[in-house]
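Notes for the one structure printed next.
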Amino acid sequence: MKVSIKQISQITGFSPATVSNALNRKKGVNKETADKILRMAEELGYQPEKIITKIKFVTYRKNGLIIDNNQFFPAMIEGVERQAKDLGYETIFSRLDCEDESFEERLEEVLEDTSSLMILLGAEMLDEDYIPFRSYKGHMVLLDGWSEDMRFDGVMINNTDSVCHAMEYLIENGHREIGYLKGNYRIKAFRYREYGYIRVLEKYRLPIKKEYQVTIGTQLESAYEDMKKYLEGAPKLPTAYFADNDIIALGAIRALKEKGIRIPEDVSIVGFDDIPFGAVSVPELTTIHVYKQEMGGVAVRRALDYIRYPGRHEKMKIQICTKFIERGSVKDLRKPDNGE
5 MKVSIKQISQ ITGFSPATVS NALNRKKGVN KETADKILRM AEELGYQPEK
55 IITKIKFVTY RKNGLIIDNN QFFPAMIEGV ERQAKDLGYE TIFSRLDCED
105 ESFEERLEEV LEDTSSLMIL LGAEMLDEDY IPFRSYKGHM VLLDGWSEDM
155 RFDGVMINNT DSVCHAMEYL IENGHREIGY LKGNYRIKAF RYREYGYIRV
205 LEKYRLPIKK EYQVTIGTQL ESAYEDMKKY LEGAPKLPTA YFADNDIIAL
255 GAIRALKEKG IRIPEDVSIV GFDDIPFGAV SVPELTTIHV YKQEMGGVAV
305 RRALDYIRYP GRHEKMKIQI CTKFIERGSV KDLRKPDNGE
């Protein structure tokens with residue numbers, strides 16, 4: 005039987021108005037009273053009658069090494085906003101910045117607000133960052149993130165299979181010495197991409213050479229500076245690199261070209277994300293296209309499942325497939341050099 009505010013009032017001894025205010029987290033109810041009412045409501049299985057009309061998009065900024073100045077995420081956010089609007093929902097935005105002194109206060113505000121469906125951008129989040137969200141009483145979907153404890157729904161890129169496809173492409177083009185440009189902040193997406201890199205090398209029984217794996221920054225300038233420093237040691241280079249994302253690839257290309265290393269004649273490069281800069285670089289960057297707007301739309305539709313099917317509690321890990329984009333940054337080693 006459905007529990008009412010009147011029943012909670014009779015059990016706790018507080019007036020219906022006080023109970024209502026506490027359940028709706030309104031001001032005017034002292035913390036001790038509110039805690040008693042909320043605890044009793046939870047024990048009784050009280051379900052508030054509320055109509056959700058908003059999608060709250062929460063950006064979680066751990067350190068900015070991935071999301072700052074990145075062309076990837078605005079398209080994803082646009083996909084959320086467009087899908088929400090098409091389905092009659094308003095999108096509101098919130099930002100959690102771990103480097104902000106008000107972070108704990110802002111986090112508490114987000115966790116206490118259950119009046120909206122939450123989509124949490126988890127691109128920079130590590131496993132420990134999800135812990136506070138375990139207590140969230142509302143409905144939440146992770147976008148571009150995943151928690152290994154499987155407590156949350158997640159919509160993410162099919163990272164590993166996408167990299168496997170790119171690596172197969174390099175091998176089909178005659179490359180056997182393939183390096184890896186690793187982002188120095190090892191977000192979950194990068195680790196899944198590394199699995200793909202290793203899987204294909206093992207499949208073809210090619211050596212996984214540590215000297216071909218270069219750890220560099222995740223921003224354009226830091227990727228350039230770190231690659232430039234690495235090249236000062238005149239290392240032996242592979243015939244091709246896979247880069248964790250396009251920004252890393254473009255920063256590395258700049259450093260390589262400054263050293264007189266030609267792309268793709270001397271070294272081939274494959275990126276990941278298909279950001280606009282890659283299509284106008286010289287040469288144009290071969291990469292993996294991510295359906296960013298579509299990911300945002302899928303996250304909205306999954307969030308709305310909580311309203312459409314209130315009795316279902318299974319969690320889903322939804323992986324969005326990608327498309328390989330062949331451009332000019334990969335050389336086909338099977339073809340003769342023609343005097344190059």
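Numbering (the working numbering), first residue to last: 5 to 344.
The beta-carbon is built from N, C-alpha and C at its ideal position, and this holds for glycine as well.
- One alpha carbon belongs to Lys30, the other to Thr118, and they sit about 13 Å apart.
- Along the length of the stretch 287-326, whole alpha helix (DSSP H) runs at least 4 residues long occupy 296-312, reported in chain order.
- Inclusion of Val62 and Arg99 in the CB contact set at 9 Å is warranted, their separation being smaller than that value.
- Collapsing the DSSP output to three states places Gln51 in coil.
- Cα atoms of Gly282 and Lys296: separation of roughly 16 Å, rounded to the nearest angstrom.
- Relative to the Cα of Lys321, the nearest Cα in the group Asp278, Leu241, Met231 and Asp157 belongs to Asp157.
- Cα atoms of Glu298 and Ile182: separation of roughly 31 Å, rounded to the nearest angstrom.
- For the set Gly49, Leu115, Arg155 and Leu224, the Cα lying nearest the Cα of Glu318 is the one of Arg155.
- For Ile212, the three-state secondary structure derived from DSSP is coil.
- Shortest Cα-Cα distance from Ile279 to any of Val114, Leu224 and Ala26 involves Leu224.
- Going by DSSP, Met171 is part of the alpha helix (DSSP H) stretching over Asn163 to Glu176.
- Glu172 and Lys192 have their C-alpha atoms spaced approximately 22 Å apart.
- Secondary-structure assignment with DSSP links Leu185 through a beta bridge to Val218 and Ala247.
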